[in-house]
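Everything below concerns the one structure shown next.
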Amino acid sequence: MIAPPEAPPGDAGVIGRSRDEPELFGAIFDAYFAEIHRYLARRLDAHTADDLAAETFAVAFRGRDRYDLSRPNARPWLYGIATNLAGRHRRDERRKLTALARVGPGAAAAGHEDAVAARVTAEGVRGPLARAVAALPAGQRDVLLLVVLGGLSYEEVAVALDVPFGTVSSRLNRARKKLRKALGDTDPLLDDQEGASR
1 MIAPPEAPPG DAGVIGRSRD EPELFGAIFD AYFAEIHRYL ARRLDAHTAD
51 DLAAETFAVA FRGRDRYDLS RPNARPWLYG IATNLAGRHR RDERRKLTAL
101 ARVGPGAAAA GHEDAVAARV TAEGVRGPLA RAVAALPAGQ RDVLLLVVLG
151 GLSYEEVAVA LDVPFGTVSS RLNRARKKLR KALGDTDPLL DDQEGASR
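Under full-length UniProt numbering, read the sequence shown as residues 1 to 198, first letter to last.
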């Protein structure tokens with residue numbers, strides 16, 4: 001007797017099985033919704049994030065038949081969907097960053113979940129940094145925000161945006177150069193960020 005094929009590990013296994021048992025996709029929602037919502041809220045605002053996070057999972061659910069089961073981790077796929085949806089709201093994102101630029105130094109992010117965001121919104125560079133991020137081309141801004149706000153590795157960003165690894169690296173490098181120039185040669189990202197993300 002031939003044994004049935006073994007299910008792929010991790011998220012891929014859940015997504016694969018959810019093709020026949022749709023309710024299993026709830027495990028993907030449970031595992032990643034809060035993280036995707038936080039990412040979108042930091043990029044846009046909490047109200048928009050509510051809608052886009054829900055839409056991210058609706059798009060993922062409808063597209064689960066096309067998910068590449070050779071990729072055990074669904075995180076980059078979900079961030080890619082969320083980033084594409086956020087792209088439709090770029091004008092809102094630019095307004096938020098411009099408004100943040102007008103706000104003077106304020107309280108740093110308080111919660112543990114905001115630790116990464118605190119690096120970007122440090123009191124001394126909040127306004128100029130927000131203006132500089134708003135001025136970045138969309139591709140560079142997406143890469144930067146996926147690395148900084150989403151905490152994705154370069155490889156995960158490449159999967160999320162469906163671009164080569166080298167493109168991620170060059171976009172992030174260009175974004176960092178532009179941010180450094182805008183901030184008077186101050187690197188807003190900690191030097192260990194680049195090494196930790198590879």
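The beta-carbon is built from N, C-alpha and C at its ideal position, and this holds for glycine as well.
Inter-residue Cα distance where the pair is Ala46 and Leu40
In the sequence shown, residue 46 corresponds to position 46, counting from 1. In the sequence shown, residue 40 corresponds to position 40, counting from 1. Rounded to whole angstroms, Ala46 to Leu40 spans 8 Å at the Cα level.
Since Ala12 and Arg71 are thought to touch, with beta carbons under 8 Å apart, how far apart are those beta carbons, to the nearest angstrom?
Here residue 12 refers to the residue found at position 12 of the sequence shown. Here residue 71 refers to the residue found at position 71 of the sequence shown. Going by Cβ atoms, the distance from Ala12 to Arg71 rounds to 6 Å, so yes, they are a contact pair.
Would you call Thr83 buried or exposed, if buried means 16 or more other Cβ atoms sit within 10 Å of its Cβ?
Residue 83 sits at position 83 when you count from the first residue of the sequence shown. Buried, by the Cβ-count rule.
Determine the direct distance from the alpha carbon of Leu129 to that of Val157, and round the result to whole angstroms.
Along the sequence shown, read from residue 1 onward, the residue named residue 157 stands at position 157. Along the sequence shown, read from residue 1 onward, the residue named residue 129 stands at position 129. Val157 and Leu129: Cα-Cα distance of roughly 22 Å.
Report yes if the CB atom of Leu172 is closer than 8 Å to the CB atom of Val143, and no otherwise.
Position 172 of the sequence shown holds residue 172. Position 143 of the sequence shown holds residue 143. Yes, the pair counts as a contact, with Cβ atoms nearer than the cut-off.
Straight-line Cα distance separating Gly151 from Asn73:
Along the sequence shown, one-based indexing puts residue 73 at 73. Along the sequence shown, one-based indexing puts residue 151 at 151. Roughly 14 Å separates the two Cα atoms.
The ligand SAH and Trp77: does the residue's C-beta get closer than 7 Å to at least one heavy atom of that ligand?
Inclusion of the ligand SAH in the displayed structure is not the case, the ligand content being empty and no account of it being possible.
Leu69 to Ser18 span [Cα, whole Å]:
Taking the sequence shown and counting its residues from 1, one reaches residue 69 at position 69. Taking the sequence shown and counting its residues from 1, one reaches residue 18 at position 18. Distance between the alpha carbons of Leu69 and Ser18 is about 12 Å.
Going along the chain, which residues of its own chain have a beta-carbon closer than 8 Å to the beta-carbon of Gly80, five neighbours each way excluded?
Within the sequence shown, numbered from 1, the residue matching residue 80 stands at position 80. So the qualifying residues of the chain are Val159, Ala160, Leu161, Asp162.
What would DSSP say about Ala74, mapped onto helix, strand or coil?
The residue given as residue 74 occupies position 74 in the sequence shown. Here Ala74 sits in coil by DSSP.
What does a CB cutoff of less than 6 Å around Arg94 pick up in its chain, not counting 5 residues either side in sequence?
Translated into the one-based positions of the sequence shown, residue 94 becomes position 94. Excluding residues within five positions, the ones whose Cβ falls inside 6 Å are Ala134.
Please report the distance separating the alpha-carbon of Asp51 from that of Gly139.
Counting from one through the sequence shown, the residue named residue 51 turns up at place 51. Counting from one through the sequence shown, the residue named residue 139 turns up at place 139. C-alpha separation (whole angstroms): 23 Å.
For Arg38, which option in Ile28, Trp77, Ala49, Arg91 has the closest C-alpha, if you only look at C-alpha atoms?
Walking along the sequence shown from the start, residue 38 turns up at place 38. Closest by alpha carbon: Ala49.
Locate the alpha helix (DSSP H) running through Ser153, then write down its first and last residues.
By one-based count along the sequence shown, residue 153 stands at place 153. Segment: none, Ser153 is in no alpha helix (DSSP H) and carries neither H nor E.
Shortest alpha-carbon distance to Pro76 belongs to which of Lys177, Glu35, Arg88, Arg102?
Here the question's residue 76 lines up with position 76 in the sequence shown. With distances taken between Cα atoms, Pro76 lies closest to Glu35.
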